[in-house]
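Read the structure below first, then the notes.
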Amino acid sequence: ALSSLGPWWAPNAAGARLPLQGYADGRISFSGRGMDPSGWKARVEIAGLSLAPETAEAGPGVLRFANDGPILLDIDRDAVRIGRAVLKGPDTNLEASGSVALRAENAVQLRLRGSVNLAVLRNFDPDLTASGSSTLDATVRGRLSSPEIFGRLEFKNGSFYLSDVPNGIDKATGTILFS
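Using the working numbering, you'd call the opening residue of the sequence shown number 23 and step up by one each time.
Pasting the structure below:
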């Protein structure tokens with residue numbers, strides 16, 4: 023299970039698990055001289071990827087992703103580069119591109135673009151019920167420990183309700199700028 027990889031990805035507390043379940047299948051092609059790591063290169067092709075919250079129940083607000091076509095990663099001693107990564111879910115379509123440097127101080131250079139169903143916000147705050155659509159165009163860059171996000175999130179016909187608040191917001195349209 024992917025959750026066993028949690029310690030590798032964990033900027034969170036030591037030993038904490040990622041709250042994800044899913045699977046991945048694919049292949050890795052490796053080249054380079056066996057005793058010379060500086061020349062090693064790898065190509066990762068993920069043919070199938072599925073991710074969902076560990077406690078996911080069926081429904082439109084569950085953040086479930088599956089790849090749309092192969093995810094392609096190129097790895098060498100300096101960086102992991104995303105050649106292609108498209109993830110789809112209910113009323114959601116996200117594309118990622120860019121790289122993560124393995125030896126540089128400002129390692130992250132990623133771009134995220136696509137559309138997201140606002141109902142997935144419940145995965146981040148179970149007291150929030152939301153609906154509507156949004157469009158994301160964002161860049162993530164900087165250090166892995168403190169990345170900076172730039173870009174915009176536009177939402178249309180958004181409805182937002184908190185479980186402890188008697189009133190909510192309906193038919194909201196707006197833009198959130200990240201800078």
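Just so you know, even glycine gets a beta-carbon here, dropped at the ideal spot from N, CA and C. Since the structure is predicted, the reported quantities are computational estimates derived from the model, not experimental observations.
Inter-residue Cα distance where the pair is residue i and residue j
| i | j | result |
| --- | --- | --- |
| residue 47 | residue 102 | 18 Å |
| residue 57 | residue 184 | 58 Å |
| residue 119 | residue 104 | 5 Å |
| residue 176 | residue 160 | 11 Å |
| residue 165 | residue 150 | 30 Å |
| residue 130 | residue 195 | 31 Å |
| residue 189 | residue 114 | 27 Å |
| residue 156 | residue 181 | 12 Å |
| residue 67 | residue 97 | 11 Å |
| residue 172 | residue 133 | 9 Å |
| residue 89 | residue 60 | 31 Å |
| residue 69 | residue 109 | 12 Å |
| residue 74 | residue 125 | 31 Å |
Simplified DSSP assignment, three categories, for residue i
| i | result |
| --- | --- |
| residue 160 | strand |
| residue 103 | strand |
Where the beta strand (DSSP E) through residue i begins and ends
| i | result |
| --- | --- |
| residue 176 | 169 to 184 |
| residue 140 | From DSSP, residue 140 is part of no beta strand (DSSP E); its letter is neither H nor E. |
| residue 146 | First-last for residue 146: undefined, no H or E at that position. |
| residue 108 | 108 to 111 |
| residue 194 | 191 to 200 |
Identified DSSP bridge partners for residue i
| i | result |
| --- | --- |
| residue 92 | Residue 92 pairs with nothing; no bridge assigned. |
| residue 63 | 53, 98 |
| residue 134 | 118, 160 |
| residue 73 | 44, 87 |
| residue 152 | 182 |
| residue 123 | 101 |
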